[in-house]
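Below: the structure, in structure tokens.
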Amino acid sequence: MDGTGAAGGPARTGGGVLLDVGPLSGRPGIRASGEIGVSTRLSWENALTELSRRHTDVSYVELSAVRFVDVAGVAALAVTAMNLPVGRVVVERPPPQLPRVLDLFWPSLHRIEVAPR
1 MDGTGAAGGP
11 ARTGGGVLLD
21 VGPLSGRPGI
31 RASGEIGVST
41 RLSWENALTE
51 LSRRHTDVSY
61 VELSAVRFVD
71 VAGVAALAVT
81 AMNLPVGRVV
91 VERPPPQLPR
101 VLDLFWPSLH
111 RIEVAPR
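Right, here's the structure in full:
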């Protein structure tokens, strides 16, 4: 693998798996574990692209096993939500920096609902 990962698969670097993204069971959305940063960004963006393709009204993004997300990772999520034709994205149990970054840069983005840890 080239380090970028594939939609729905793990992104790997020399240190091992840094981000694993897969579908949620029983509801529309994705779950991620690991870290969302520069070395895993392409995998994260691919997963969000796939999420937007399958989106109907509400999509869920479960992040309880994500230890870190950088500003660009939050931006990719925000852009995905803004480009949805209808509905919203519910982000469940994100790392603490995600809601802070959303509040700072996208305070009026109502297409993302954050369910805290």
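Residue numbers for the sequence shown follow full-length UniProt numbering, so the first one is 1 and each next one is one higher.
No residue lacks a Cβ here, since even glycine has one placed at the ideal position from N, Cα and C.
Only a predicted model underlies this, so the values are computations on that prediction, with no experimental measurement involved.
Would you say Y60 faces chain C, with C-beta separation under 8 angstroms as the test?
-> No chain C is present in this structure, which holds just one protein chain.
Would you call the CB atoms of Y60 and V90 closer than 8 angstroms?
-> yes
Determine the closest residue to S39 out of R27, R53 and L18, with distance taken between C-alpha atoms.
-> L18
Given a threshold of 16 other Cβ atoms within 10 Å of its Cβ, counted over all protein chains shown, does T80 qualify as buried or as exposed?
-> buried
Enumerate in chain order the residues of its own chain whose CB-to-CB distance from V21 is below 6 angstroms, with the five nearest sequence positions on each side excluded.
-> I30, A32 and A47
Looking only at C-alpha atoms, which of A65, Q97, L24 and V74 sits nearest to R41?
-> V74
G29: beta carbon under 7 angstroms from a heavy atom of the ligand FMN?
-> As presented, the structure is devoid of all ligands, the ligand FMN included, so that no description of it is given.
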